[in-house]
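K.L.:
This is the structure I want to talk about, given as structure tokens.
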Amino acid sequence: AILRPLLQAMDAWVVDGALPPASRYPRISDGTLTLPEAAGWPKIPGVRFPPPRLITYRLDFGPDWSRGIVRFEPPHVGKPFVTLVPAVDADGNGRAGIRLPAIQVPIATYTGWNYRAPSLKSTDQFDGEAGSFFPFASTRSKRSNDDSRLSMEERYSSREMYLGEITLAARQLIGERLLLPEDV
13 AILRPLLQAM DAWVVDGALP PASRYPRISD GTLTLPEAAG WPKIPGVRFP PPRLITYRLD
73 FGPDWSRGIV RFEPPHVGKP FVTLVPAVDA DGNGRAGIRL PAIQVPIATY TGWNYRAPSL
133 KSTDQFDGEA GSFFPFASTR SKRSNDDSRL SMEERYSSRE MYLGEITLAA RQLIGERLLL
193 PEDV
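Going left to right, the sequence shown walks through residues 13 to 196 as the numbering used here numbers them.
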């Protein structure tokens, strides 16, 4: 849904000089790119947040490295790079980026990562590039006290209300040239 409007915006930029939609990537300056422990993960029963991260260290190959000459082999290991992650809203969905209607008017928490299935062992490791979908409980009475996210019933008083909100979110994205009318 995002690729086609962005390609149209790029075409309009190249052909007509029309400015593309503003970038929406996470930024340190507005708090949407932060340390993992400050990302704002909600409580969801049975879900581990944040997922494990790789620690990447600064390597020093010597004073001539910029010229392609290795003086230190193995390299001297320095301090680790600071790991930053996108901050999330109260539902666990990213605050920055292009927030499609399904994120603006959610029925679940969507992540860009997924742990390996128990049958594959190493359940503390990622399973490729697959994301996860953690649906909200349908009613307040079905929502666990350990789940900080509101249920569907607590969010939307009716199906019509949900459809109205998602339609408004879609129309807003059309106006921002981030969604095409035919994709609604």
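We treat Cβ as the ideally placed atom computed from N, Cα and C, and that holds for glycine. Predicted model only: the values in this text are computed from it and were never measured.
Let me know the secondary structure DSSP gives Ser237 once reduced to three states.
P.N.:
Because the chain in this structure spans residues 13 to 196, residue 237 falls outside the shown range and cannot be described.
K.L.:
What separation, rounded to the nearest whole angstrom, lies between the Cα atoms of Leu185 and Glu177?
P.N.:
Position 173 of the sequence shown, counting from 1, holds the residue named residue 185. Position 165 of the sequence shown, counting from 1, holds the residue named residue 177. Roughly 13 Å separates the two Cα atoms.
K.L.:
What does a CB cutoff of less than 8 Å around Gly143 pick up in its chain, not counting 5 residues either side in sequence?
P.N.:
Locating residue 143 in the sequence shown gives position 131, where the first residue counts as 1. Correct list, in chain order: Tyr122, Thr123, Gly124, Trp125, Asn126.
K.L.:
Report yes or no: do the region 126-140 and the region 84-98 share at least 3 C-beta pairs separated by less than 8 Å?
P.N.:
Cβ pair count under 8 Å is below three, so no.
K.L.:
Hey, Ile271 and Ile119 are a contact pair by Cβ (cut 8 Å); roughly how many whole angstroms apart?
P.N.:
The structure shown does not extend to residue 271, since the chain spans only 13 to 196, so no value can be given for it.
K.L.:
Based on the DSSP output, what are the partners of Gly106 in its beta bridges?
P.N.:
Residue numbering aside, residue 106 sits at position 94 when the sequence shown is read from its first letter. Paired residue(s): Val100.
K.L.:
Cβ of Tyr174 less than 8 Å from any chain B Cβ?
P.N.:
Going by chain labels, chain B is absent from the structure shown, which holds only one protein chain.
K.L.:
Does the distance from the CB of Arg189 to the CB of Ala21 come in under 8 Å?
P.N.:
For the purposes of this step, residue 189 is taken as the residue at position 177 of the sequence shown. For the purposes of this step, residue 21 is taken as the residue at position 9 of the sequence shown. Yes, the pair counts as a contact, with Cβ atoms nearer than the cut-off.
K.L.:
Please confirm whether Leu191 and Pro17 have their CB atoms less than 8 Å apart.
P.N.:
As a first step, residue 191 must be located in the sequence shown, where it is residue number 179. As a first step, residue 17 must be located in the sequence shown, where it is residue number 5. Result yes, Cβ atoms of Leu191 and Pro17 sit closer than 8 Å.
K.L.:
Taking a contact to mean a Cβ-Cβ separation below 8 Å, would you say Ser163 touches Ala149 in this structure?
P.N.:
One-based indexing of the sequence shown puts residue 163 at position 151. One-based indexing of the sequence shown puts residue 149 at position 137. For Ser163 and Ala149, yes; Cβs fall inside 8 Å.
K.L.:
Could you pull the DSSP bridge partners for Val89 from this structure?
P.N.:
Position 77 of the sequence shown holds residue 89. DSSP, once it has assigned bridges, lists Leu71 as partnering Val89.
K.L.:
Does DSSP classify Ser153 as helix, strand or coil?
P.N.:
Locating residue 153 in the sequence shown gives position 141, counting from the first residue. The answer is coil: DSSP assigns Ser153 none of H, G, I, E or B.
K.L.:
Which residues share a DSSP beta bridge with Ala120?
P.N.:
Within the sequence shown, the letter at position 108 stands for residue 120. DSSP, once it has assigned bridges, lists Pro147 as partnering Ala120.
K.L.:
Please classify Val212: is it buried, with 16 or more other beta-carbons within 10 angstroms of its beta-carbon, or exposed?
P.N.:
An answer regarding residue 212 cannot be provided, because it is not within the stretch 13 to 196 covered by the chain.
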